[in-house]
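Student: According to this note's numbering, the stretch in the sequence shown is residues 1 to 314, in order. In this text, a Cβ means the ideal position worked out from N, Cα and C, and glycines have one as well. As the structure is a prediction and not an experimental result, all values here were calculated from the model.
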Amino acid sequence: MKTENHHASRRLSPSLQPKIIKTAKPAAYFILLLLTYSLGYLSYHPSSTSLPLSHSSPPPQLPEPVIGFPINTTELNPFRITTRCADPIPPETVRRTLVDRLFNGTSPFENFPPPHAAEKLRRTKRVKGWGSTGAVFENLIRRVRPRTVVEVGTFLGASAIHMAELTRQLDLQTQILCVDDFRGWAGFKERFMNIPMENGDVWLFYQFLQNVVTFNQTGSVLPVPFSSGSTLMLFCEWGVYADLVEIDAGHDFLSAWADINRGFRILRPGGVIFGHDYFTAADNRGVRRAVDLFAKVHNLKVNVDGQHWVIYSS
Ligand SMILES: C[S@@+](CC[C@H](N)C(=O)[O-])C[C@H]1O[C@@H](n2cnc3c(N)ncnc32)[C@H](O)[C@@H]1O
Numbered sequence: 001m002k003t004e005n006h007h008a009s010r011r012l013s014p015s016l017q018p019k020i021i022k023t024a025k026p027a028a029y030f031i032l033l034l035l036t037y038s039l040g041y042l043s044y045h046p047s048s049t050s051l052p053l054s055h056s057s058p059p060p061q062l063p064e065p066v067i068g069f070p071i072n073t074t075e076l077n078p079f080r081i082t083t084r085c086a087d088p089i090p091p092e093t094v095r096r097t098l099v100d101r102l103f104n105g106t107s108p109f110e111n112f113p114p115p116h117a118a119e120k121l122r123r124t125k126r127v128k129g130w131g132s133t134g135a136v137f138e139n140l141i142r143r144v145r146p147r148t149v150v151e152v153g154t155f156l157g158a159s160a161i162h163m164a165e166l167t168r169q170l171d172l173q174t175q176i177l178c179v180d181d182f183r184g185w186a187g188f189k190e191r192f193m194n195i196p197m198e199n200g201d202v203w204l205f206y207q208f209l210q211n212v213v214t215f216n217q218t219g220s221v222l223p224v225p226f227s228s229g230s231t232l233m234l235f236c237e238w239g240v241y242a243d244l245v246e247i248d249a250g251h252d253f254l255s256a257w258a259d260i261n262r263g264f265r266i267l268r269p270g271g272v273i274f275g276h277d278y279f280t281a282a283d284n285r286g287v288r289r290a291v292d293l294f295a296k297v298h299n300l301k302v303n304v305d306g307q308h309w310v311i312y313s314s
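Encoded structure:
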């Protein structure tokens with residue numbers, strides 16, 4: 001072989017020899033790379049991190065795939081929601097139902113504040129909010145006389161407490177359900193230095209509870225301290241409907257869009273959905289784009305009341 005190759009190279013013209021050497025080198029590297037890759041591929045065993053199987057045991061039976069039908073993952077249909085909302089439960093049972101199902105039957109206000117928190121919480125009648133006492137609240141509460149209000153985005157409770165005060169003045173039996181994960185948003189602590197923090201956990205929820213206690217509104221305000229998405233879907237499944245739904249949580253388009261769509265589904269016939277910051281520039285006017293698109297899709301009209309948008313369901 002050596003002689004043959006030797007002869008072969010001798011047969012080539014001297015001008016071709018450097019060219020062949022030039023191309024042979026990368027080709028050799030490529031073949032080496034290919035060989036390494038193939039060896040690696042062949043030696044890969046997917047169950048190498050699971051418990052070792054004895055050599056005699058049969059190959060593991062994979063479970064049947066849960067989804068047995070093809071899904072068109074390229075189909076982008078944001079309006080397709082499959083969960084069916086339950087029939088509405090009576091408004092007078094809403095609070096009890098939620099306390100039982102969310103809090104094991106014990107109101108979050110019971111024995112509040114716990115001794116270790118009592119000294120750290122502020123007892124003040126000045127609660128920070130944004131547009132929380134705007135005329136829209138009184139206008140809508142007088143008009144709708146709601147039994148149930150769902151507020152999506154509560155923070156320290158300024159708008160919820162204001163609504164509770166209004167319903168008290170009007171002698172209404174209203175429950176205000178405050179949906180908020182009480183986590184604020186990344187970086188919010190810099191602006192709210194006086195909210196206590198323990199082990200990295202800001203006591204937004206505790207301070208909210210304290211504010212409701214300070215205003216003596218524990219009977220008409222109930223926190224629902226979970227994410228808006230999961231809560232609104234659960235309300236729909238449990239038949240918890242509202243006469244008024246206020247949207248004031250995430251102000252980017254996707255958050256506002258999701259909250260408005262989910263909030264609208266739990267609106268009683270004749271109910272009103274409304275929200276803050278129709279004019280804010282956040283996320284390239286994300287709230288406004290979500291509201292306008294929603295109204296367009298459902299052929300509804302957007303009304304403006306101060307800084308708020310308002311959509312009447314009928
Ligand atoms: C602008 S503040 C609400 C202000 C309140 N309505 C007022 O007027 O005082 C927004 C609140 O939404 C909450 N939030 C934001 N995204 C949320 C989500 N996906 N689920 C639950 N709460 C959320 C934050 O924790 C924050 O407390």
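According to DSSP, simplified to helix, strand and coil, what is Val304?
Tutor: Along the sequence shown, read from residue 1 onward, the residue named residue 304 stands at position 304. Val304 falls in the strand class under three-state DSSP.
Student: Quick one: is the Cβ of Ser227 within less than 7 Å of any heavy atom of ligand 1?
Tutor: Indexing the sequence shown from 1 puts residue 227 at position 227. Ser227 Cβ: within cutoff of ligand 1.
Student: Please classify Ile266: does DSSP put it in a helix, a strand, or coil?
Tutor: To locate residue 266, count along the sequence shown from 1; it is residue 266. The answer is coil: DSSP assigns Ile266 none of H, G, I, E or B.
Student: Under 8 Å Cβ to Cβ from Val291, same chain only, skipping five residues before and after it: list those, please.
Tutor: Here residue 291 is taken as the residue at index 291 of the sequence shown, counted from 1. Excluding positions up to five away in sequence, the list reads Ala256, Ile260, Gly275, Tyr278, Val302, Trp309, Ile311.
Student: What runs of the beta strand (DSSP E), each 3 residues or longer, lie entirely inside the region 156-193?
Tutor: With a minimum length of 3 residues, the continuous beta strand (DSSP E) runs that stay inside the region 156-193 are 175-179.
Student: Arg122 to Gln207, Cα distance in whole Å?
Tutor: Position 122 of the sequence shown holds residue 122. Position 207 of the sequence shown holds residue 207. Roughly 7 Å separates the two Cα atoms.
Student: What residue from Gly134, Leu293, Phe109 has the CA that sits closest to Phe205's CA?
Tutor: Here residue 205 refers to the residue found at position 205 of the sequence shown. It is Phe109.
Student: Bridge partners for Thr148 per DSSP, in chain order?
Tutor: As a first step, residue 148 must be located in the sequence shown, where it is residue number 148. BP columns for Thr148 point to Gln175.
Student: With DSSP as the reference, label Tyr312 as helix, strand or coil.
Tutor: Position 312 of the sequence shown, counted from the start, is the residue given in the question as residue 312. Strand, per DSSP.
Student: Rounded to a whole number of angstroms, what is the C-alpha to C-alpha distance between Gly129 and Pro70?
Tutor: The count along the sequence shown starts at 1 and reaches residue 129 at position 129. The count along the sequence shown starts at 1 and reaches residue 70 at position 70. So the two alpha carbons sit approximately 48 Å from each other.
Student: With distances taken between CB atoms, is the gap from Ile266 to Val245 smaller than 8 Å?
Tutor: Position 266 of the sequence shown, counted from the first residue, corresponds to residue 266. Position 245 of the sequence shown, counted from the first residue, corresponds to residue 245. Going by C-beta atoms, Ile266 is nearer than 8 Å to Val245.
Student: Rounded C-beta distance between Asn211 and Ile161? I'm assuming under 8 Å.
Tutor: Translated into the one-based positions of the sequence shown, residue 211 becomes position 211. Translated into the one-based positions of the sequence shown, residue 161 becomes position 161. Asn211 to Ile161, Cβ: 6 Å. Contact.
Student: Considering only C-alpha positions, which residue in the set Pro59, Arg126, Pro58, Ala86 is nearest to Met233?
Tutor: Reading the sequence shown from its first residue, position 233 is the one you call residue 233. Closest option to Met233, Cα to Cα, is Ala86.
Student: What would DSSP say about Pro115, mapped onto helix, strand or coil?
Tutor: For this step, residue 115 is matched to residue 115 along the sequence shown. Here Pro115 sits in helix by DSSP.
Student: Verify whether the separation of the beta carbon atoms of Gly229 and Ala258 is less than 8 Å.
Tutor: Within the sequence shown, residue 229 is the residue found at index 229, counting from 1. Within the sequence shown, residue 258 is the residue found at index 258, counting from 1. Yes, they are a contact pair.
Student: Shortest alpha-carbon distance to Pro88 belongs to which of Val99, Cys236, Val144?
Tutor: Looking up residue 88 in the sequence shown gives position 88. Ranking the options by Cα distance to Pro88, first place goes to Cys236.
Student: Determine, using beta carbons only, whether Gln175 and Thr218 come nearer to each other than 8 Å.
Tutor: As a first step, residue 175 must be located in the sequence shown, where it is residue number 175. As a first step, residue 218 must be located in the sequence shown, where it is residue number 218. For Gln175 and Thr218, no; Cβs fall outside 8 Å.
Student: May I ask you to check if the CB of Val179 is nearer than 7 Å to at least one heavy atom of ligand 1?
Tutor: As a working note, residue 179 is residue 179 in the sequence shown. Yes, the Cβ of Val179 comes within 7 Å of a heavy atom of ligand 1.
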